[in-house]
Each structure stands twice: as structure tokens, then as C-alpha cells.
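Chemist: Got a structure here, written out as C-alpha cells. Questions coming.
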Amino acid sequence: MTRAFFVTGTDTSVGKTVVTCALTRALIAAGHRARAIKPIESGCATDAAGELQPADALAHRAAAGLESSPLETFIRYRLREPLAPAIAAERAGIQLDFAACVAMARAAQAETDILLVEGAGGLLAPFTGTARDGYQTVADFIAALGIPALLVARARLGTINHTLLTWRELERRAIPCIGVILNEADAETGLEREDNARALRSFGVPVLAELPYGLARPESRLAEVARHIADTPRWRST
Ligand SMILES: Nc1ncnc2c1ncn2[C@@H]1O[C@H](COP(=O)(O)OP(=O)(O)O)[C@@H](O)[C@H]1O
Ligand SMILES: [Mg+2]
């Protein structure tokens, strides 16, 4: 039974790619066919041949052990500037096709048992569209896919607020969220790290795992989350 989950974050650089890749490996280690995609990636570096290199999509392909598969099945649009996708595209004169992103996710879903879709930036980052005609946000994309979310949050001061704001916006849009992964995306330590999970749980937010900084094999901490994902019932089109 094919299933898909959308990995969103409270912000950019919170660890969505690290978590997505680790979870892909954990799912594969548990015997599932799993892979991840990144429909639009901005901030792509240009290689010597002048081609844009999507680091996240390349990481997703490697995590699934599918290096020989065409990169186009992991990414639909590559953008150079490190900005929200819709804004990077506007500045580059590129029109992003929302329906094409939905179609590529559905095609990827058909080829695996568990698909993870990584968003771009945080939940309300402009995903496609233009300032003049209106933007579709990452949340609009999740709703169009009709798949549940998984929320990655940075284990820092401020995360209780950012996580609750994102959680409540998902709730407001009736997008189910299976829970939060608190990720130590940097090496700094702080008193707040000790109590984030407890505080979030007291607001009714399930914290599924806490990922420490710099683990060589972060998937070792996500085996239980992988089990939870594999056991999550389908929702809408998933
Ligand atoms: N748990 C972690 N341990 C070590 N480095 C991390 C961890 N989480 C994130 N990072 C690093 O922080 C940066 C941002 O993480 P990334 O997964 O790319 O975030 P996002 O996909 O949300 O933009 C990357 O350089 C990544 O390697
Ligand atoms: Mg990423």
C-alpha cells in the first residue's frame, strides 16, 4: 500500500533534508521500499558544466540507494538563488507549474511504498505563483497532495513558539500532522534544549524524536518514527 508524507519545517535550514534522508534510510532498513523527492529546490550551486546541482534532491537519491535513477524523478525545478522557490523563480523569469509538481509527486508515489516529499523553507513559504497573481504556499501544496505532514523543528530557543504556530496553521487547514522531530541543527548548547519536548507535549504536540547534532548515522534514532510512519493509516489520496 503506497503512502506519502510531507516533510515540512518551522523554518529553512532546520534539518528537513537531514531528517528526510535519515528517515528514508530507516524505512529501507526496516524492509520498506522508500524514497524522497524535492519538487522545487532553490539555492542550487552551478557546477563546472554550468548545470544547477540540487543538493537536497541528490541527497534523497543517494539515501534511497538509487544513484542510477534519473535525477528528474527526484526534482522538477532547480533554481539558483537561495530564496523561497516562487521568488527565486520570479527573479529568474521561470514559471513554476503547481500542477506539474503535484503530478511528479504522484508519479513518484506510484513507484515506491513510502514516499517522503520535502518542502522548501517553512510552511507558508511562497512555493509557486507570483506576487501579482498571488502565491501558492507550501501549505497549499501539501493540501493539494492530500498527504499528512511531518514537522521538523530546530531544537533552539524560540522553537516552542515556531512549532506551535506551524502546528496550529496545519490544524486550521485540516492537514493532519503525525508529529514533530526536534533536531539539533547546530552545535550550540543551551538550557532551552532540555525542556522543549516536554513543553511541546504539554500543548498536545507529539514529539516523535529528538535528533542530536552531528550523529554519523541519524537513522539509528529514527527507527521508531519509521515504524510509526509505516503504521499510519492512509489519509485522503495517500
Ligand atoms: N542533526 C544534525 N547534525 C548535524 N548537522 C545537521 C543536523 N541537522 C542539520 N544539520 C546541518 O544543518 C544544515 C541545514 O540542514 P538541512 O537538513 O539542509 O535543513 P533544511 O532541509 O531544513 O533546509 C545542513 O548543513 C545540515 O547538514
Ligand atoms: Mg532541505
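With the working numbering as the guide, the letters of the sequence shown map in order to residues 3 to 240. In this text, a Cβ means the ideal position worked out from N, Cα and C, and glycines have one as well.
Only counting the same chain, and skipping five residues up and downstream in sequence, which positions put a Cβ closer than 8 Å to that of Leu166?
Modeler: Contacts found: Leu202, Phe205, Val207.
Chemist: Quick check: the region 7-15 against the region 112-127, are at least 3 beta-carbon pairs closer than 8 Å?
Modeler: Cβ pair count under 8 Å is three or more, so yes.
Chemist: Report the residue from Arg236, Arg229, Pro235 whose alpha carbon sits nearest the alpha carbon of Ala31.
Modeler: Ranking Arg236, Arg229, Pro235 by Cα distance to Ala31 puts Arg229 first.
Chemist: Please work out which residues of its chain come closer than 8 Å, Cβ to Cβ, to Glu226, disregarding the five sequence neighbours upstream and downstream, and give them in chain order.
Modeler: Closer than 8 Å at the Cβ level, and outside the excluded window around Glu226, lie Leu210, Ala211.
Chemist: Helix, strand or coil, according to DSSP, for Cys179 in the structure here?
Modeler: Reduced to three states, the DSSP call for Cys179 is strand.
Chemist: Classify Ser44: buried if its beta carbon has 16 or more other beta carbons within 10 angstroms, exposed otherwise.
Modeler: Buried, by the Cβ-count rule.
Chemist: Only counting the same chain, and skipping five residues up and downstream in sequence, which positions put a Cβ closer than 6 Å to that of Cys179?
Modeler: Hits under 6 Å: Ala151, Leu153, Leu172.
Chemist: Please state whether the Cβ-Cβ distance between His62 and Ala86 is less than 9 Å.
Modeler: No, these two residues do not count as a Cβ contact at 9 Å.
Chemist: Only counting the same chain, and skipping five residues up and downstream in sequence, which positions put a Cβ closer than 6 Å to that of Glu186?
Modeler: Counting only Cβ-Cβ distances below 6 Å, and skipping sequence neighbours, we find Ala157, Pro214, Tyr215.
Chemist: Got a sec? Which residues, its chain only, sit under 6 Å from Thr240 by beta carbon, not counting five neighbours each side?
Modeler: The predicted position of Thr240 is uncertain, since its pLDDT is 47 and thus under 50; a value taken from the coordinates is nonetheless stated next. Answer for Thr240: Arg5, Ala6, Ile149, listed in chain order.
Chemist: Over what stretch of residues does the beta strand (DSSP E) that includes Pro248 continue unbroken?
Modeler: The chain is shown from 3 up to 240; residue 248 falls before or after that span and cannot be answered.
Chemist: Is the CB-CB distance between Ala88 and Gly131 below 9 Å?
Modeler: The answer is yes: Cβ separation under 9 Å.
Chemist: Can you tell me whether Ser15 is buried or exposed, with buried defined as 16 or more other CB within 10 angstroms of its CB?
Modeler: By the neighbour-count rule (16 or more Cβ atoms within 10 Å), Ser15 is not buried but exposed.
Chemist: I believe Gln138 touches Phe100 by the beta-carbon criterion, under 8 Å. Please report the beta-carbon distance rounded to the nearest angstrom.
Modeler: Their Cβ separation, rounded to whole angstroms, is 5 Å, which keeps Gln138 and Phe100 in contact under 8 Å.
Chemist: Got a sec? Which residues, its chain only, sit under 7 Å from Asp233 by beta carbon, not counting five neighbours each side?
Modeler: None.
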